Amino acid sequence: MAVPRPAAGPAALTRSAWHDVPRFQVRRFAQLVLADAPGLAEEILEEIRREYPQLPVVLDESGEPMALIGIRRAIEVFIGHLETSEGRPTVPPGVFQDFGRGEGYNGRSLDSLQAIYRLGVRLAWRRFAEIGQRVDIPPPAMYELVDAGYEYLDGLVDQSVRGYAEAAARQAGERLRLQRRLMELLLAERHRGDPADALAERAARIGWALPAKVAVGVLLRPAREALAPAVGEGVLLDLEYERPRMVVPEPDAAGRHELLGRALSGWSGAIGPPVPLAEAAKSLRWAEAAVGLMERGLLPAGEVLHCTEHTEALVLLQPEELIDDLAVRCLAPLEHCGPSHGRRLAETLLAWLETRGGAPEVAARLGVHPQTVRYRLRQIRELWGAEIDDPDRRFELELVLRAQRLRGVLGETPR
455 MAVPRPAAGP AALTRSAWHD VPRFQVRRFA QLVLADAPGL AEEILEEIRR
505 EYPQLPVVLD ESGEPMALIG IRRAIEVFIG HLETSEGRPT VPPGVFQDFG
555 RGEGYNGRSL DSLQAIYRLG VRLAWRRFAE IGQRVDIPPP AMYELVDAGY
605 EYLDGLVDQS VRGYAEAAAR QAGERLRLQR RLMELLLAER HRGDPADALA
655 ERAARIGWAL PAKVAVGVLL RPAREALAPA VGEGVLLDLE YERPRMVVPE
705 PDAAGRHELL GRALSGWSGA IGPPVPLAEA AKSLRWAEAA VGLMERGLLP
755 AGEVLHCTEH TEALVLLQPE ELIDDLAVRC LAPLEHCGPS HGRRLAETLL
805 AWLETRGGAP EVAARLGVHP QTVRYRLRQI RELWGAEIDD PDRRFELELV
855 LRAQRLRGVL GETPR
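Here our numbering is used: position 219 in the sequence shown is 673, and no number is missing along the way.
In structure tokens, the structure reads:
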């Protein structure tokens, strides 16, 4: 912050009162202030400690308070600049960045630090005014000097903000690292030693309260550089995976479902069923399975699904090999019926199994005439014989037919 100079353009006609002060007076003023700087710095620090007794005292390697060093250095740089008035005085970065860094690491805001800086400038200005009177610096020039002092204060604050931001970034990075280690342990299929103790220790390091139940989500990015969704405090999120993972504590808590829905708008993926904390890997497996079905077009895409709302699809479509083998055996009687006719018979059989009703109920479900249903049901009895009345065989038939409907092989279109 430089002492005010004449402005460019029309304002340049207004001369700076400070620049009209003879140079010998400026040098004398600067000499007196610099000689007084150590004592002034101590007085300022004492007053700050009275006003802010909670201010921590941090010592440098020689045992001198860092705050005292910073105050003294700030005075020396500002006053030393008066003799040259070239450019802007460079704010000493180290000490004031350290102040900001300390506020960040200790979880405090910069508000109190800025108030301390303003107090220091007011106290320094009183001493500058006294010395200015002694060497006959005109009042208009001193007014300009105090304006320059507050500009200089802005530079000190900027340095502290940089240090604060650096501390915040480091803390955020460290928290993400610790959070990922917690999630890796939480979602591991197998554990060494006592996972409960390890979980408690890792959770405590990031201040995460261990919940009784969790649900694990697997997300699909809407874009490669998509910003992290604001899932809220307590939800663990790891974007380092190709498919980001999320651990939701107490997923059945009031309002949790709605909050996640808003936060994940624009994202897609799946959230597994709620499980005890120690079984989080199971919830992850179901979420991954659901995402796999979404990518195959077997579950709705473009949103974040809850596995508990798609249980039938997950149960029937996941063990594909077993269901396909069962289908080959159960639906063997349809092999010689032709594709179209076989499909109509299968849809009629499924409707009959689900309704447990007669021809009118099945016909209403399929949108066909009851006589058509009677004809098809007679054919079904001829194809399967007495097996169609066996409870176990009916259960197997319903399983494979429901699975085929979920895959889009069968439908309930009126015909």
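Heads up, the beta-carbon is just placed ideally off N, CA and C, and yes, glycines get one too.
Predicted, not measured: the structure shown is a model, and the values here were computed from it.
Problem - Boundaries of the alpha helix (DSSP H) in which A578 is found, first to last residue - result: On the sequence shown, position 124 is the one that residue 578 refers to. Note, A578: alpha helix (DSSP H), D565 to R588.
Handout entry: Those residues which DSSP pairs with P703 across a bridge
Key = Walking along the sequence shown from the start, residue 703 turns up at place 249. Answer is V668.
Practice task
Just list the alpha helix (DSSP H) runs in the segment 461-532, keeping only unbroken ones of 4 residues or longer that don't cross its boundaries, in chain order.
Solution key: Complete alpha helix (DSSP H) runs here, min 4: 477-505.
Practice task
Would you check if the distance between the CB atom of L674 and the CB atom of R697 is smaller than 9 Å?
Solution key: Numbered from 1 along the sequence shown, position 220 holds the residue referred to as residue 674. Numbered from 1 along the sequence shown, position 243 holds the residue referred to as residue 697. Going by C-beta atoms, L674 is nearer than 9 Å to R697.
Problem - Buried versus exposed call for Y571 [16 or more other C-beta atoms within 10 Å across all chains shown] - result: One-based indexing of the sequence shown puts residue 571 at position 117. Classification for Y571: buried.
Practice task
Using 10 angstroms around the beta-carbon of G839, count the other beta-carbons present and answer buried if the total reaches 16, otherwise exposed.
Solution key: Taking the sequence shown and counting its residues from 1, one reaches residue 839 at position 385. Answer is exposed; the Cβ neighbour count stays below 16.
Handout entry: Segments of 4+ residues assigned as alpha helix (DSSP H) that fall wholly inside the segment 677-756
Key = The segment 677-756 contains these whole alpha helix (DSSP H) runs: 710-717 and 734-749.
Problem - Residue of W721, P703, D844 and E757 minimising C-alpha distance to S737 - result: Position 283 of the sequence shown, counting from 1, holds the residue named residue 737. Per the Cα distances, P703.
Handout entry: Closest Cα partner of A484 within the set R739, R828, R588 and A658
Key = By one-based count along the sequence shown, residue 484 stands at place 30. Per the C-alpha coordinates, the member of R739, R828, R588 and A658 positioned closest to A484 is R588.
Problem - C-alpha gap between V758 and A707, whole angstroms - result: The residue you call residue 758 lines up with position 304 of the sequence shown. The residue you call residue 707 lines up with position 253 of the sequence shown. Taking the Cα positions, V758 is about 18 Å away from A707.
Handout entry: Integer-rounded CB distance, given that L567 should sit under 8 Å from S614
Key = Here residue 614 refers to the residue found at position 160 when the sequence shown is read from its first residue. Here residue 567 refers to the residue found at position 113 when the sequence shown is read from its first residue. Yes, S614 and L567 are in contact; Cβ-Cβ is about 6 Å, under 8 Å.
Practice task
Assign E505 to one of two classes, buried (16 or more other C-beta atoms within 10 Å of its C-beta) or exposed (fewer than that).
Solution key: Taking the sequence shown and counting its residues from 1, one reaches residue 505 at position 51. Exposed, since its Cβ has fewer than 16 Cβ neighbours within 10 Å.
Exercise for the section: For H795, write down the residues that DSSP places opposite it in a beta bridge. Expected result: Reading the sequence shown from its first residue, position 341 is the one you call residue 795. Looking at the DSSP output, H795 shares a beta bridge with no other residue.
Problem - Sequence-distant residues of its chain with Cβ nearer than 8 Å to R848 (five each side left out) - result: Here residue 848 corresponds to residue number 394 of the sequence shown, with the count starting at 1. For R848, where only same-chain residues beyond five positions count, the Cβ hits under 8 Å are L807 and I842.
Problem - According to DSSP, residues forming a beta bridge with V863 - result: On the sequence shown, residue 863 is found 409 positions in, with the first residue counted as 1. The partner list for V863 (beta bridge, DSSP) is empty, contrary to what the question assumes.
Handout entry: Host beta strand (DSSP E) of L759 (start-end)
Key = In the sequence shown, residue 759 corresponds to position 305, counting from 1. Per DSSP, L759 belongs to the beta strand (DSSP E) from V758 to H760.
Problem - Buried versus exposed call for L863 [16 or more other C-beta atoms within 10 Å across all chains shown] - result: Sequence index remark: in the sequence shown, residue 863 carries index 409 (1-based). It is worth fixing the name first, because residue 863 is Val in this sequence and not Leu. Burial is judged here by how many other beta carbons sit within 10 angstroms of a residue's own beta carbon; V863 has fewer than 16 and is exposed.
Practice task
Output the boundary residues of the alpha helix (DSSP H) element that contains E774.
Solution key: If you number the sequence shown from 1, residue 774 lands on position 320. Here the alpha helix (DSSP H) through E774 covers E774 to C784.
Exercise for the section: Taking 9 Å as the cut-off, decide whether the C-beta atoms of A657 and A663 are in contact. Expected result: Here residue 657 refers to the residue found at position 203 of the sequence shown. Here residue 663 refers to the residue found at position 209 of the sequence shown. In contact: A657 and A663 (Cβ atoms closer than 9 Å).
Exercise for the section: Please go through the same chain and pick out, in chain order, the residues whose beta-carbon is closer than 6 Å to the beta-carbon of P594, but skip the five residues on each side of it. Expected result: Residue mapping note: residue 594 aligns to position 140 of the sequence shown, counting from 1. Once the five neighbours on either side are set aside, the close Cβ partners of P594 are A471.
Exercise for the section: Measure the C-alpha to C-alpha separation of G751 and G720 and round it to an integer number of angstroms. Expected result: Sequence index remark: in the sequence shown, residue 751 carries index 297 (1-based). Sequence index remark: in the sequence shown, residue 720 carries index 266 (1-based). The alpha-carbon atoms of G751 and G720 are separated by roughly 18 Å.
Handout entry: Rounded separation between M700 and L640 - CA only
Key = Counted from its first residue, the sequence shown places residue 700 at position 246. Counted from its first residue, the sequence shown places residue 640 at position 186. Straight-line Cα distance between these residues: approximately 11 Å.
Problem - Proximity below 9 Å, CB of I725 to CB of A743 - result: Within the sequence shown, residue 725 is the residue found at index 271, counting from 1. Within the sequence shown, residue 743 is the residue found at index 289, counting from 1. Taking 9 Å as the Cβ cut-off, I725 and A743 do not qualify as a contacting pair.
Handout entry: Cβ neighbour criterion (16 or more within 10 Å) applied to E705
Key = Within the sequence shown, numbered from 1, the residue matching residue 705 stands at position 251. Strictly speaking, residue 705 in this sequence is Pro, with Glu absent from that position. By the neighbour-count criterion, in which a residue is buried when 16 or more other Cβ atoms sit within 10 angstroms of its Cβ, P705 is buried.
Practice task
Following the continuous alpha helix (DSSP H) through R828, name the residue where it begins and the one where it ends.
Solution key: Here residue 828 corresponds to residue number 374 of the sequence shown, with the count starting at 1. Here the alpha helix (DSSP H) through R828 covers P824 to W838.
Exercise for the section: Write down the C-beta distance between R616 and Q551 rounded to the nearest angstrom, noting that I regard them as a contact closer than 8 Å. Expected result: Taking the first residue of the sequence shown as 1, we reach residue 616 at position 162. Taking the first residue of the sequence shown as 1, we reach residue 551 at position 97. Cβ-Cβ separation between R616 and Q551: approximately 6 Å, consistent with a contact (criterion under 8 Å).
Practice task
On the DSSP bridge assignment, give the partners of L673 in chain order.
Solution key: What you label residue 673 is simply residue 219 of the sequence shown in a count that begins at 1. Answer is G723.
Practice task
Kindly indicate the opening and closing residues of the alpha helix (DSSP H) around E766.
Solution key: For the purposes of this step, residue 766 is identified with residue 312 of the sequence shown, where counting begins at 1. Here the alpha helix (DSSP H) through E766 covers T765 to L771.
Problem - Burial state of Y618 (16 or more Cβ within 10 Å) - result: As a working mapping, residue 618 is identified with position 164 in the sequence shown. The residue is buried, with at least 16 neighbouring Cβ atoms inside 10 Å.
Exercise for the section: Assign R659 to one of three DSSP states: helix, strand, or coil. Expected result: As a first step, residue 659 is located in the sequence shown; it is residue number 205 there, counting from the start. Here R659 sits in helix by DSSP.
Practice task
Buried or exposed for R942, please, with buried defined as at least 16 other CB atoms from any protein chain shown within 10 angstroms of its CB.
Solution key: Residue 942 lies beyond the range of the chain shown here (455 to 869); nothing can be said about it.
Problem - Chain-order list of residues whose beta-carbon lies under 6 Å from that of A415 (same chain, five-residue window excluded) - result: Residue 415 is absent from the structure shown; the chain starts at 455 and stops at 869.
Problem - the segment 824-833 / the segment 775-782 touching (three or more Cβ pairs under 8 Å) - result: A contact is defined here as three or more CB-CB pairs under 8 Å, and the segment 824-833 fails this definition with respect to the segment 775-782.
Exercise for the section: Using beta-carbon positions only, say whether L785 and L747 come within less than 9 Å of one another. Expected result: If you number the sequence shown from 1, residue 785 lands on position 331. If you number the sequence shown from 1, residue 747 lands on position 293. For the 9 Å CB-CB criterion, L785 and L747 do not form a contact.
Handout entry: Burial state of Q858, where buried means 16 or more other Cβ atoms lie within 10 Å
Key = Along the sequence shown, read from residue 1 onward, the residue named residue 858 stands at position 404. Under this definition Q858 is a buried residue.
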